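Colleague:
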Amino acid sequence: MSIDRINDLALHNRALAGALHAAAGRVIDSGWYALGPEVAAFEQAFAAYCGAAHVIGVANGTDALELALRAVGVQAGDEVFTVANAGFYASTAIRAIGAVPVYADIQPHNLLLDPQDAAQRISKKTRALIVTHLFGQLADMAPLQALVNAHGIALVEDCAQAHGAQRNGQRAGSFGDVAAFSFFPTKNLGALGDGGAVVTRRDDVAARVRSLRQYGWTSKYTVADSGARNSRLDELQAALLSVKLPHLDGWNSRRRAIAARYAEGITHPLITVPAIAGEDHVAHLYVIRSAQRDSLKLHLQQHGIGCDIHYPVLDYRQPAVAAAHAGVTLPASERVVAEILTLPCYPELELAEVDAIAACINRWSP
Ligand SMILES: Cc1ncc(COP(=O)(O)O)c(C=O)c1O
9 MSIDRINDLA LHNRALAGAL HAAAGRVIDS GWYALGPEVA AFEQAFAAYC
59 GAAHVIGVAN GTDALELALR AVGVQAGDEV FTVANAGFYA STAIRAIGAV
109 PVYADIQPHN LLLDPQDAAQ RISKKTRALI VTHLFGQLAD MAPLQALVNA
159 HGIALVEDCA QAHGAQRNGQ RAGSFGDVAA FSFFPTKNLG ALGDGGAVVT
209 RRDDVAARVR SLRQYGWTSK YTVADSGARN SRLDELQAAL LSVKLPHLDG
259 WNSRRRAIAA RYAEGITHPL ITVPAIAGED HVAHLYVIRS AQRDSLKLHL
309 QQHGIGCDIH YPVLDYRQPA VAAAHAGVTL PASERVVAEI LTLPCYPELE
359 LAEVDAIAAC INRWSP
């Protein structure tokens, strides 16, 4: 039983060990290690999977967010909407440009950005809105699209936790102007190291990101774009991701089955379980809520069950930036951050293990 942690990456990758070793060997023998044919092949396959015209492989998900923002025209001093409960990744990207994060509150039922709250905070300086499909839940895109259209701002999807989520056949990453993916090893589609991608239907945005990920080159050694960096995806990671991509939908179904089993099994009156029903949720993280979260966390730890908090500190309360956001208060975000607890949820988790975790939770008395 490996329920003492919230995921088990060795177990996850073991099932594909033969194919992963073969792919790694092919890259080692090829003599081509960054931005080559393996990256191009993966970009093409992932574009087809997402239903987007372009995928541009980059070094990680945070770079993907930053380059996506730059490519839609965000500059120093511009304001960018994000939520405060999604781990500071968007804030890092916004701040790297010298832009200003403006935090919108979340909807208590799904913990995602509240379009009405964002609408009240819009200003002349607002340039973009980042929607994070947090925990694997595809946001309701229609109100967000209406908001950005009404104000002429860009819509950026953070899909780091939502690979493959879809609604009416449309996948995460194909709704906004541009989207950012992370392939960190724990993600639903994870590399064996860092990796990321920018996904877009817009030719102009794709061309800009291709230049921004490699020094601002328009051709070799000619730098035409400022604000660029080195953020290339490795051939090795691309080859490994190509092995794993065909399995993504199966893994996502399995995650949903685990979520359904938890929802059935957890009957404790002081706990709320998340609503994970259709394919618009890929159960990246299974996050329950309780007003007495810390007691529940201790109970699970005492019984050898892995759990974690995603995320324990709201962005505007992080020590590095708290002084700059001293006036910010978001009631729903602040209530929820004290209630959330992440349980083990990964494709290889056995249903008997889920049952054991649920039974242990039901025995909790705070
Ligand atoms: C919601 C979200 N956005 C962005 C990122 C950043 O991705 P990376 O760690 O690859 O930089 C992550 C994951 O780490 C994430 O969970």
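Residues 9 to 374, numbered by our numbering, are exactly what the sequence shown covers, in order. For each residue, glycine too, the CB sits at the ideal point set by N, CA and C. From a predicted model like this one, the values you see are computed outputs, not experimental measurements.
Considering only heavy atoms of ligand 1, does any lie closer than 8 Å to the CB of PHE192?
Modeller: Flag set: Cβ of PHE192 near ligand 1.
Colleague: Can you find a heavy atom of ligand 1 that lies under 8 Å from the Cβ of ASP71?
Modeller: Within the cutoff, so yes.
Colleague: Sorry if obvious, but does the Cβ on ALA98 come closer than 8 Å to a heavy atom of ligand 1?
Modeller: Yes, Cβ of ALA98 sits closer than 8 Å to a heavy atom of ligand 1.
Colleague: Are the CB atoms of ILE36 and PRO352 within a distance shorter than 9 Å?
Modeller: Cβ distance not < 9 Å, so PRO352 and ILE36 don't count as in contact.
Colleague: Tell me whether ASN68 counts as near ligand 1, meaning its Cβ is closer than 8 Å to at least one heavy atom of that ligand.
Modeller: Yes, ligand 1 has a heavy atom inside 8 Å of this Cβ.
Colleague: Taking HIS307 and TRP225 to be in contact with their CB atoms under 8 Å, please state how far apart those CB atoms are, rounded to whole angstroms.
Modeller: At roughly 55 Å, the Cβ-Cβ gap does not stay under 8 Å, so HIS307 and TRP225 are not in contact.
Colleague: Would you call the stretch 168 to 180 in contact with the stretch 211 to 228, where contact means no fewer than 3 C-beta pairs closer than 8 Å?
Modeller: Contact between the stretch 168 to 180 and the stretch 211 to 228 is absent, because fewer than three Cβ pairs lie under 8 Å.
Colleague: Can you tell me whether ALA76 sits near ligand 1, meaning its C-beta is under 8 Å from at least one heavy atom of the ligand?
Modeller: Outside the cutoff, so no.
Colleague: Tell me, please, which residues DSSP counts as bridged to VAL91.
Modeller: According to DSSP, which records beta bridges pairwise, VAL91 is partnered with ALA112.
Colleague: With H, G and I counted as helix, E and B as strand and the rest as coil, what does DSSP make of VAL336?
Modeller: It is coil, neither helix nor strand.
Colleague: Does the distance between the C-beta of ASP202 and the nearest non-hydrogen atom of ligand 2 fall short of 8 Å?
Modeller: In terms of ligand content, the structure shown lacks ligand 2 and carries ligand 1 instead.
Colleague: For GLY184 and ARG264, I'd like the C-alpha separation in whole angstroms.
Modeller: Their backbone Cα atoms lie some 25 Å apart in a straight line.
Colleague: Going by beta-carbon coordinates alone, are LEU197 and LEU43 separated by less than 9 Å?
Modeller: Not in contact: LEU197 and LEU43 (Cβ atoms no closer than 9 Å).
Colleague: Under 8 Å, with one C-beta from each stretch per pair, do the stretch 139 to 158 and the stretch 283 to 292 reach the 3-pair mark?
Modeller: As far as the Cβ criterion goes, the stretch 139 to 158 touches the stretch 283 to 292, which means the pair count is three or higher.
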